[in-house]
Amino acid sequence: MRTPQAIRAFIVLVLVLGCGAVVHAQTCGPMDVVFVVDNTGSMGNVIAEVQAQVNSIADTVAVSSGGDYQFGLVTAPANNVNVLLDLAPNNHAALTAAVTKMTTEGSCGEPAEWDEALNTVLNNLQKDRSIASGAGAQIGNFNGRFRPNATKIIIVITDARPGGVTGCDFGPGDRALTLAMADNAASRNILIPTVFVPTESAVAFGFTDTVRNVLSDVAGTTDSLFMATKPDASDLASIIREVIISCGSGRLRVEPTELVLDIGQTGSVNVTNFRPGADLNDLTYRAFGLPGDSTYTFTRIAPQIADTDLQKLDITIGPETPTGTYVVPIAARRNATGRTSVDYVLVYVGCLPPIILGAPGHQPESQSVPAGMRATLKVAPEGSGGFRYQWYRGYRGMTFSPIEGATGPTYTTPVVTGQESYWVRVTNACGSVDSLTAVVSPQ
């Protein structure tokens, strides 16, 4: 669990470095979630998937919000806006009931009024209003208010272009209205993650690129996720859960969120960038927060989620890194715009001080060698690694005769002409241990 102290430390780092807002990878805090669902005739699979998975989706919100949530549901048939559920506290059961009422509706076909549905939700519009095109009306009131302290999310699910201005057609005015809704949301810290369903109809009519572009623009304006399902929408519920777990944010997400490492160990996290942009070469990733002897290595790997960039980050703890808990921010910067997205991982650094076992092969061993030859002494410590060695002449604990240059696990003596005693001190970041004394004698 991320402690409040750790989160505060991370916020301080972000504010100092100017990297933007915190992305909560595990807990979103109170959540207000409204679903805007295009329910034109081609969206039957979408409605079936939502109805089958509504409890799983709602449970994900309940967990991510810590049990403090509000749901809303608005559908967007081709010409109307239909408010099926208003925002209200902890209304899980009401959402389940509202979802069962969803059916596909047809009128003049694509596009759909999902931009007008956004207008309804953002501006608390009332029933019987005329849709901008004059071809439809709003059914039901949307009186619910987004709470100032909540993570505020409107999830748009559609296979169609927006049609609020022109109704049964799509033109510049429709795009302008949609982006105006996105600007409105962004100014109020409301996220609009968007989900595109590439149905057979969308593909057949050849407007998939336009829908993708509009949905991507809406998500990007509010710094949210744009994602696409399979054509049959069979993965829709899992995508919605991805959106919720990410708190709707289109920035970065790090998994796992915590690493426990010893000195010298390497651990890995996956960094998903939900808004990578078209040119992946324009991205620069970096991590920071550990002492300078620890290292970070980013490697791009095949993404598991379409339209994202996935990086494997290896974190190696250096030999001088003290034990403790470190907040490690991870940043992705678009070089062309300077825009930076941030998430973080907690790294718990532990350290086992070195020990030298008494079993053969671990301690330097006394030995006799022919006069005029050399002896080789070895030590094999256990512990967290990052070991440093210093060999000494004399008996264990006598440090007034360090041997210059004898700083490895193996030491080869000068030519043996008489009896000499040697020992080694092994040190890492959290302690040291002295070996037994090895006596070297000529035969």
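Heads up: take any position in the sequence shown, counting from 1, add 52, and you land on the numbering used here.
Heads up, the beta-carbon is just placed ideally off N, CA and C, and yes, glycines get one too.
Source: prediction; values computed, not measured.
The way I'd put it, the segment 452-464 doesn't touch the segment 372-381; fewer than three beta-carbon pairs between them come closer than 8 Å. Annotation: the segment 278-346 contains the following complete segments of the alpha helix (DSSP H) (minimum length 4 residues), in chain order: 288-297. At the C-beta level, V85 and V151 stay beyond 8 Å of one another. Under the three-state reduction of DSSP, T148 is assigned to helix. The C-beta distance from R305 to V266 rounds to 24 Å, too long to meet the 8 Å contact threshold.
Of the candidates H144, S117, N131 and S94, the residue whose Cα lies closest to the Cα of G124 is H144.
Under the rule that a run must span 4 or more residues, the alpha helix (DSSP H) segments found entirely inside the segment 204-268 read 224-239 and 252-257. One alpha carbon belongs to Y444, the other to W475, and they sit about 5 Å apart. Here P308 has V321 and V397 as same chain residues with Cβ atoms under 8 Å from its own Cβ, once five neighbours each way along the sequence are excluded.
In this structure, L277 sits near F326, with a CB-CB distance shorter than 8 Å. T368 and T347 do touch by the CB rule: their CB atoms are close to 5 Å apart, below 8 Å.
In this structure, the straight-line span from the alpha carbon of Q471 to that of Q415 is close to 19 Å. Straight-line measurement puts the Cα of N132 at about 15 Å from the Cα of M95. Counting the other CB atoms within 10 Å of its CB gives R352 a total below 16, which places it among the exposed residues. With contacts defined as CB atoms closer than 8 Å, P405 and G316 fail to qualify as a contacting pair. The criterion of a C-beta distance shorter than 8 Å is not satisfied by R448 and S493. Comparing alpha-carbon positions, the option among T428, S301 and A490 lying closest to G460 turns out to be T428. Beta-bridge annotation (DSSP): I367 is paired with G319 and Y348. Contact check for E162 and A128: beta-carbon distance about 12 Å, past the 8 Å limit, so the pair fails to qualify. For T112, the enclosing alpha helix (DSSP H) stretches over residues G96 to S116. Just so you know, the alpha carbons of K430 and S473 end up roughly 14 Å apart. In this model, A202 and I296 are separated by some 13 Å (Cα to Cα). Cβ-Cβ distances below 8 Å link T172 to V126, V133, V135, Q190 and F194 in the same chain, with the five nearest sequence neighbours on each side left out; the list follows chain order. Note that the C-beta distance between V98 and V208 is not below 8 Å. Here E157 is bridged, per DSSP, to T92.
Comparing alpha carbon positions, the residue from A280, P412, S290 and G370 closest to A358 is A280.
The continuous alpha helix (DSSP H) containing A169 extends over residues W166 to N175. A check of alpha carbon separations from A104 across G119, M233 and L147 identifies L147 as the nearest. Around the beta carbon of M83, 16 or more other beta carbons sit within 10 angstroms, so the residue counts as buried. Inter-residue distance for R426 and G457 is about 17 Å (C-alpha atoms, whole angstroms). In the DSSP secondary-structure assignment, T462 is bridged to K430. Distance from the CA atom of G119 to the CA atom of V485, rounded to whole angstroms, is 51 Å.
With a cutoff of 8 Å on beta-carbon distance, A237 and T274 are scored as near each other.
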